[in-house]
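See structure below.
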Amino acid sequence: MSQLAETYACVPTTERGRGILISGNPKSNTITYTNGRSIIMINLDNPLDVSVYAEHAYPATVARYSPNGEWIASADVSGTVRIWGTRNEFVLKKEFKVLSGRIDDLQWSPDGMRIVACGDGKGKSLVRAFMWDSGTNVGEFDGHSRRVLSCAFKPTRPFRIVTCGEDFLVNFYEGPPFKFKLSHRDHSNFVNCVRFSPDGSKFISVSSDKKGLIYDAKTAEKMGELSSEDGHKGSIYAVSWSPDGKQVLTASADKSAKVWEISDDGNGKVKKTLASPGSGGVDDMLVGCLWQNDHLVTVSLGGTISLFSATDLDKAPLLLSGHMKNVTSLAVLKSDPKIILSSSYDGLIIKWIQGIGYSGRLQRKENSQIKCFAAVEEEIVTSGFDNKIWRVSVHGDQCGDADSVDIGSQPKDLNLALLSPDLALVSTDSGVVLLRGAKIVSTINLGFTVTASAISPDGTEVIVGGQDGKLHIYSVTGDTVNEEAVLEKHRGAISVIRYSPDVSMFASGDVNREAVVWDRDSREVKLKNMLYHTARINCLAWSPDSSMIATGSLDTCVIIYEVDKPASSRLTIKGAHLGGVYGLAFTDQYSVVSSGEDACVRVWKLTPQS
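Note that this note's numbering has the sequence shown beginning at 858, numbered continuously upward.
If you want it as structure tokens, here you go:
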């Protein structure tokens, strides 16, 4: 049996020049946001308490809790809204096709009976309000000519809806059934976010013209604005009210968030500016914020979530971060197997500690993209899409100096000889390159298309897999390699080869969904019929005592085999990662770490089978 022990969540998908929405559960400290097709619910009091909803067919854009916290309405780029229960199994209540384009915001009415959604209508309606259980329209929303970025529902009766968008307008509707009442054009740029105060007396709109305007919620007359003194110097993307309605939090492209005191006459002055920790690069621009009980949450363009305390604004924020893109490789440090390093192709390397979670980013001086990644105690070795292999020294959380070597063609696979990690084997399209440190020892053209490779821990043997499904075994003497044997069993291109920790066996996987365990001395097949995936095998990992082997595939599953038992007595973890599993590692005999397309990292506990 296997059970999910921990999930290290991905961060929200962000987009330059756009705000993103995070929403909170009215009954607890859980917040929800979207990444790709997944909707993540994370508990701010315990960031390892994560659940993921992955039923959308298209990338999701927004998710919101209902007023009683029992349901979530989530929307995606196809204009579909799904309403589902927050408790076990996420049972689907309804699915509606609301708009003909992307939905940018949605809001529940305070009684939980109606939902308003807005976005891009591709020439048709840009805003719709409907009954949550039947989907029938409750009103006509005219008055917008371009994409509507945000909408809000007045939290008290009489109900009102306000919307804003890329046509610089803030529109006000009365109802239900809702109809157009009036429109304001006080902003001179995109209006990014509009929100009613919790007591239903005011609403505020913020815009890319760096202004925030406050209106009366019943009549929609303009009351006042956020003071320009010490105001934002960039577009304001998001705004959120405090629970008592006396303050607002704003997030801006000027890399700061501000807390404003709102007076009764509707004017705001800065109470505190929250500087975002970071290097001050583009990734530190803030694109989302939320005032959730005592937590002030801000999200940067790079995806870092900062948690400030509302009662103590001077306290340094707690940072939560993770990957935004496909996590392509994992490494577990031998000296401390609780430390997990994960890398995604956008060049981000994150350090996780089992039982604690996020423990920091490894910031390299050269932040190049990463295709292959390997790590040993004091060093990480990476290769990107620029023909270079980088060796970066690591001291704790800091990356030191980096050496690079150009190998002349695109690296496809990268392996270190574990006993002498100075020695690295890099495979390219047509052959392999042996490196010692940052020097090329030899470049060998093998005369066939190479797709995967492995080097034995002592560096004396190399196995190379080809497009033709054959495994070629070479012995390494000095700087030359000699072919010893060719093994034929696979029916597709080899995708991954790994030696077992005790070096008595090695395993290989192919794109035709088959894995094979071989005996190293006799070069015979040791475990066959490992044919239980339904798509290409992306990664495989050995348990520390070489008794088990795990394979991860594009079909979202992880399968664990015991070497001494037939392949049919396997253990399958279904749906480990939406979109496919790309990284696998064992941290101890009964813990497997996996990563994948959904940008999450998960730890699975295996219970020994009798």
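Each residue gets a CB set at the ideal place from its N, CA and C atoms; glycine is no exception.
For V1333: DSSP bridge partner residues | According to DSSP, which records beta bridges pairwise, V1333 is partnered with V1338.
Between which two residues does the beta strand (DSSP E) containing S1216 stretch?
-> 1214-1219
Rounded to the nearest angstrom, how far is the Cβ of I1246 from that of I1264, given a contact under 8 Å?
-> 6 Å
So what does DSSP say about A930, is it helix, strand or coil?
-> strand
What is the DSSP secondary structure of S1403, reduced to helix, strand or coil?
-> coil
Can we say the region 1121-1128 touches the region 1143-1154, given the rule of at least three CB pairs closer than 8 Å?
-> no
Can you tell me where the beta strand (DSSP E) with A904 in it begins and where it stops?
-> Residue identity differs from the one stated: residue 904 is Pro in this sequence, not Ala. Where P904 is concerned, the enclosing beta strand (DSSP E) stretches over 903-910.
If you draw a straight line from the C-alpha of A1077 to the C-alpha of S991, how long is it?
-> When rounded, the distance between both Cα atoms is 30 Å.
I1093 versus I1354 - alpha carbon distance = 50 Å
Candidates E863, G893, V938, of which the one nearest I877 by Cα | G893
In chain order, what residues of the same chain have a beta carbon less than 6 Å from the beta carbon of G1000, not counting five sequence neighbours either side?
-> Within the same chain, Cβ atoms closer than 6 Å to the Cβ of G1000 are found at N1028, F1037, S1040, the five residues on either side in sequence being excluded.
What residue range is occupied by the uninterrupted beta strand (DSSP E) comprising D1151?
-> Counting along the chain, D1151 falls outside any beta strand (DSSP E), and DSSP gives it neither H nor E.
Ignore the nearest five residues each way along the sequence and tell me which others in P1100's own chain have a CB closer than 8 Å to its CB.
-> P1055, W1148, N1150
In three-state terms, what does DSSP make of A1433?
-> coil
Range of the contiguous beta strand (DSSP E) that encloses S1252 = According to the sequence provided, residue 1252 is His. The question's Ser does not apply to it. Its beta strand (DSSP E) spans residues 1245-1252.
In chain order, which beta strand (DSSP E) runs of at least 3 residues are fully inside the region 1360-1386?
-> 1362-1367, 1372-1376
Coil, strand or helix - A1424 by DSSP | helix
Can you name, in chain order, every residue of its own chain whose Cβ lies under 7 Å from the Cβ of N1046, other than the five neighbours on each side?
-> These residues qualify, in order along the chain: F1025, S1064, S1065, D1066.
Residue nearest to S1085 in terms of C-alpha spacing, selected from G1125, A1095, S1109, C867 = It is G1125 whose Cα lies nearest to the Cα of S1085.
Reducing DSSP to helix, strand and coil, say where E946 ends up.
-> In the displayed model, E946 falls within a helix according to three-state DSSP.
From P1012, Y1439, E1381, residue whose alpha carbon lies closest to that of E1454 | Y1439
Would you mind reading off the limits of the beta strand (DSSP E) that contains I1162?
-> 1162-1166
With a CB to CB cut of under 7 Å and the five nearest residues on each side skipped, what residues in its chain are close to D902?
-> Within the same chain, N886 come within 7 Å of D902 by CB-CB distance, once the 5 residues on both sides are set aside.
Across which residues does DSSP place G976 in a beta bridge pair?
-> Looking at the DSSP output, G976 bridges to I960.
Once you ignore the five residues that flank V1139 on each side, which residues in its own chain have a CB closer than 7 Å to its CB?
-> L1158
Return yes when the Cβ of V1298 is within less than 9 Å of the Cβ of E1318, no when it is not.
-> no
Sub-9 Å separation of G958 and G976 beta-carbons | Less than 9 Å separates the beta-carbon of G958 from that of G976.
For T1211, does the count of other Cβ atoms within 10 angstroms reach 16, so buried, or fall short, so exposed?
-> Looking at the sequence shown, residue 1211 is not Thr but Gln. Buried, because 16 or more other Cβ atoms sit within 10 Å of the Cβ of Q1211.
Compute the beta-carbon to beta-carbon distance between L1190 and E1234, rounded to the nearest angstrom, for a pair I have assumed lies under 8 Å.
-> 7 Å
By how many angstroms is the C-alpha of H1180 removed from the C-alpha of I1227?
-> Rounded to whole angstroms, the gap between the alpha carbons of I1227 and H1180 is 13 Å.
Taking N1339 as the reference, which of T1161, L1303, A1407 has the closest Cα?
-> Ranking the options by Cα distance to N1339, first place goes to L1303.
Simplified DSSP state of D1258, which is helix, strand or coil | strand
Pull up the distance between the alpha-carbon of L1106 and that of R985, whole angstroms please.
-> Taking the straight line joining both Cα atoms gives about 27 Å.
Who are W989's beta bridge partners in DSSP?
-> The partner list for W989 (beta bridge, DSSP) is empty, contrary to what the question assumes.
Per DSSP, which residues does H1041 bridge with? Please list them.
-> V1027
Inspect the CB distances between the region 1404-1415 and the region 1433-1447 and report whether three or more fall short of 8 Å.
-> yes
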